[in-house]
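Taken in order, the sequence shown gives residues 2 to 796; the numbers are from the working numbering. Note that CB positions come from ideal geometry on N, CA and C, so glycine has one too. For reference, the structure is listed below as structure tokens.
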Amino acid sequence: MPHTSHPARLPHILAVLIGTVGALNLVGGGWLILLGGSLFYAVAGLAMLATAVLLWCRHVAALHLFAALVLGTVVWAWAEIGADWWPLVPRGDLIFLFGILLVLPWTVKRLTPRTGWLRGAGPLAAMLALAALFGGVSLARDVHDLEGTLPGPRNALAANLHGVPDDDWQAYARSWYGDKFSPLTQITPANVGKLKVAWQLETGDRKRDTDPGETTYEMTPIKVGDTVYLCTPHDWVIAVDAETGKERWRFDPKIATSKTNMQHLTCRGVSYWDGAKTGARVDDCPQRIFLATNDSRLIALDPRTGAPCRSFGRNGTVSLLPGQTDYNQGWYQVTSAPLVARGLVVTGGAVFDNISTKVPSGVIRGYDAATGRLVWNFDPGNPDDTAPLGAGKHYTPSSPNSWSTPAADETLGLVYLPMGMGAVDQWGGNRPATTEKFATSVLALDIATGKPRWIYQTVHHDLWDMDVPAQPALVDLNLPGRGAVPALVQSTKTGNLFVLDRRTGVPIFPAPERPVPGGAAPGDHTAPTQPFSAVSLMPQRAHETDMWGTTMLDQLWCRIRFKSLDYQGPFTPPSLKGSLVFPGNFGVMDWGGISIDPVRQAIFAHPNYVAFVDRLVPRKDDSGGPNERGPAGGSDRKGSNEQGYNPNTGAPFAVDMNPFLSFAGLPCQAPPWGYVAGIDLTTGKTVWKHKNGTIRDETILPLPFKLGVPSLGGPITTAGGVAFMAAAIDDYVRAYDTRTGKVLWRARLPAGGQATPMSYRSAASGRQFVVVVAGGHGSLGTKLGDHVIAYALPK
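This is how it looks when you write it as structure tokens:
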């Protein structure tokens with residue numbers, strides 16, 4: 002029986018492959034045309050099918066037709082995106098691969114005719130060379146890189162900045178100014194490359210089977226004197242020697258957790274109070290470490306021993322549950338460090354999102370740091386009466402909350418709170434106007450009384466989960482013609498950076514109201530305008546040409562999905578067919594916020610650009626309750642992050658909310674997805690912006706490609722001119738030149754570094770340390786761990 006060799010069958014094999022891809026492009030491209038999209042995929046599909054037929058017939062014209070397709074692809078790609086390598090890849094990778102296979106001698110010599118003007122693969126080889134040149138040029142240049150240099154120091158560096166000794170880091174952001182700036186200068190751009198691990202420890206607190214999926218290490222330690230204090234997801238507090246990392250004591254509050262009734266499990270930090278400085282009379286613990294827990298307790302600990310301070314509350318503990326209604330275990334948690342100022346401990350709380358219209362109140366409370374006595378409570382549903390709630394009374398349920406970290410200016414007597422939303426996120430038809438005016442805003446309260454002084458709303462009638470996620474950052478700005486202005490910079494999920502006079506809440510840089518899309522779901526409405534700050538890292542409007550993939554097939558799928566969604570630009574309201582939310586609720590900036598260098602008058606930011614899709618799902622009734630499953634047996638969303646099916650019991654619509662991904666599980670939008678950026682605060686201009694992070698830990702092989710990946714955590718800046726950040730999903734901690742944003746040093750972490758670093762100086766050795774926590778993040782899928790690592794220059 003005659004035997005046909007594999008090379009002899011190559012034209013037929015290629016015909017089948019090219020024909021299959023061509024058919025998929027023709028069908029998908031036709032669908033895209035019907036949606037008003039690009040003609041290219043259908044035309045390319047026809048060309049591939051014709052090539053496949055000619056190949057099957059072993060006709061050399063297949064090469065020339067494919068050469069025309071290669072040329073057309075180059076011209077089309079140039080017209081759509083220019084010389085931008087990563088968006089270019091899916092537009093041409095399959096076509097280029099097929100072209101290479103077609104010009105191989107094993108293919109060409111089996112095609113006919115072999116004589117005459119049609120013979121040979123010269124035209125196709127020439128077009129492939131042109132495509133390779135185009136790709137090489139695109140690879141060699143980075144169209145997303147903004148080079149620039151921030152000005153040098155503009156202000157003198159004050160000693161004991163914001164009342165904190167230079168050697169210490171006494172609050173979540175070092176001080177309650179929220180700037181995440183260290184005045185230490187030992188580590189500089191010239192020597193940062195010499196950093197080595199000085200000490201490290203493993204806390205022993207790992208995710209348990211009973212914990213929710215989003216169990217995370219988001220903690221920033223504090224340092225007071227010769228001791229570093231840190232907390233873990235289960236709210237353990239651990240004290241270690243600042244020089245050696247040796248454990249001194251630990252405290253376990255033994256919190257109750259629930260895999261099904263808790264949305265998150267994390268502790269972002271603890272707080273310090275020195276009663277001796279305030280003149281407070283206390284029976285024990287003149288200094289205290291305050292911990293607010295995931296099961297709604299406020300606990301005071303002796304910083305020397307870790308024992309509860311018996312004179313605070315009941316044996317060291319105050320319950321945060323009195324006055325709360327509609328409470329289920331895990332529906333009210335405190336995940337951020339409480340604020341300590343003027344002898345008060347101020348705390349808000351996180352409320353379970355999108356579970357029901359009946360959830361606990363977002364009340365904010367101030368407690369006496371010495372006794373634990375409730376001094377005031379700010380209830381957004383009853384804002385004028387801040388006197389402690391009477392016995393048997395309740396706070397307003399489902400009101401806007403403040404789950405992130407506050408800031409304070411003790412000189413002005415104000416505490417600044419980043420406010421979230423009331424229930425539920427994507428449908429607001431039942432929100433009372435009396436409470437909604439406080440939602441998605443920056444709120445200034447009188448520290449002594451809890452009375453509201455001013456409010457600035459960053460999103461009106463929020464339907465996108467754009468709650469203000471980050472601690473406000475305070476800075477005294479030196480502005481041309483105005484002198485020193487006490488400012489507050491609020492980073493937001495939308496990418497707007499609102500720069501406000503912190504005395505009044507009036508914008509320093511303009512934030513005009515602009516018209517935004519309408520068309521809310523039945524029973525709801527949209528705000529006609531939204532504020533857009535002149536200082537902004539907000540992304541440009543998404544277009545079909547921004548869609549991406551690993552190949553032209555998943556890119557085509559993403560284009561079809563993009564054109565199928567409702568998208569009219571930023572603030573497109575949620576819809577029944579599905580709306581593209583860009584920036585998505587992951588946020589351009591999230592709880593990690595920004596760092597401000599007050600000496601250089603500059604912001605160090607790390608914007609993310611990840612789109613989401615929100616689809617409203619009509620609810621027939623509430624018989625399923627908060628435990629119901631999604632359509633077609635979708636997974637129970639309780640106890641997970643906010644992705645997937647969210648029941649919204651009590652509302653007419655549930656919501657299905659997911660990242661905008663291709664069928665390959667990759668973002669549908671082209672990279673970069675994450676940057677670092679430097680902003681001059683005297684002008685509001687972005688001076689430099691660079692892609693940040695690689696896909697090394699997101700692929701089977703450790704590919705070091707610097708696409709620019711999302712990050713969750715925060716940066717710090719130092720007077721030495723070096724910024725530090727982990728946060729990115731590629732498990733590195735990096736040091737950057739504050740003036741240029743260039744990476745000066747990096748080190749591998751044993752787990753995800755989704756936390757904000759801190760820095761201090763140890764009196765024992767005089768060395769400056771940089772500490773980062775690497776414990777991973779459940780919903781981001783980074784590697785889990787329990788590591789705390791301190792870096793320093795060699796002795």
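A residue is called buried once 16 or more other Cβ atoms fall within 10 Å of its Cβ, and V536 is buried on that count. Runs of the beta strand (DSSP E) spanning 3 or more residues and lying entirely within the segment 347-379 occur at 365-369, 375-379, in chain order.
Just measuring C-alpha positions, the residue of R59, V229, I509 sitting nearest R483 is I509. Below 8 Å, too few C-beta pairs join the segment 179-194 and the segment 223-235 to call them touching: fewer than three. Between A293 and L302, the C-beta gap is not smaller than 9 Å, which leaves the two residues out of contact.
In the structure shown, D657 falls within a strand segment according to DSSP collapsed to helix, strand and coil. Taking each of D598, F572, A16 in turn and checking the Cα distance to T108, the smallest one comes out for A16.
Rounded to whole angstroms, the gap between the alpha carbons of Y273 and Y417 is 18 Å.
Of all C-beta pairs linking the segment 171-185 to the segment 759-772, three or more are shorter than 8 Å, placing the two stretches in contact. Here P154 has V600, R601 as same chain residues with Cβ atoms under 7 Å from its own Cβ, once five neighbours each way along the sequence are excluded. Contact between the segment 435-442 and the segment 208-225 is absent: fewer than three C-beta pairs spanning the two stretches fall below 8 Å.
DSSP places L231 in the strand class (E or B) of the three-state scheme. For G121, there is no enclosing alpha helix (DSSP H), as DSSP marks it with neither H nor E.
Between the C-alpha atoms of I34 and V138 there is a straight-line separation of about 31 Å. The beta carbons of P672 and G709 sit closer together than 9 Å. Note on geometry: alpha-carbon atoms of G715 and Y173 lie some 11 Å from one another.
No residue range can be given for L464, since it is assigned to no alpha helix (DSSP H) and is classified by DSSP as neither H nor E. Residue environment analysis places K394 among the exposed positions, since fewer than 16 neighbouring C-beta atoms fall within 10 angstroms of its C-beta. Look at the beta carbons and you see the segment 587-607 not touching the segment 564-572: under three pairs across the two are nearer than 8 Å.
Listed in chain order, the non-local C-beta contacts of I448 below 8 Å within the same chain comprise A342, R343, L345, V347, G367, A409, E411, G414, L415, V416, local neighbours out to five positions each way being set aside.
Burial state of N161 is exposed, judged by a 10 Å Cβ sphere holding fewer than 16 other Cβ atoms.
According to the DSSP assignment, D598 belongs to no alpha helix (DSSP H) but to the beta strand (DSSP E) extending over 596-598. Bridge pairing for T113: H60 [DSSP]. Secondary structure at E514: strand, using DSSP grouped into helix, strand and coil.
No Cβ-Cβ contact shorter than 9 Å links R249 with V238. For D615, the enclosing beta strand (DSSP E) covers residues 613-619. For the pair A63 and H145, the Cα-to-Cα distance works out to about 38 Å. For L35, the enclosing alpha helix (DSSP H) starts and ends at 11-35. The DSSP-derived three-state label of W274 is strand. Taking 8 Å as the upper bound for CB-CB distance, T505 and K452 are not in contact here, some 15 Å apart. Residue range 434-437 is occupied by the alpha helix (DSSP H) that includes E437. Y333 has its alpha-carbon roughly 39 Å from the corresponding atom of K564. Rounded to the nearest whole angstrom, the C-alpha separation of V677 and D468 is 22 Å. Residues G324, S362, V364, D380 of the same chain have their beta carbon placed closer than 6 Å to that of Y396, with the five preceding and five following residues left out of the count. Taking every protein chain shown into account, the CB of V460 has 16 or more other CB atoms within 10 angstroms, so this residue is buried. Exclusion of the five residues before and after S176 leaves L162, H163, G164, V165 as the residues of its chain whose Cβ lies within less than 8 Å of its Cβ.
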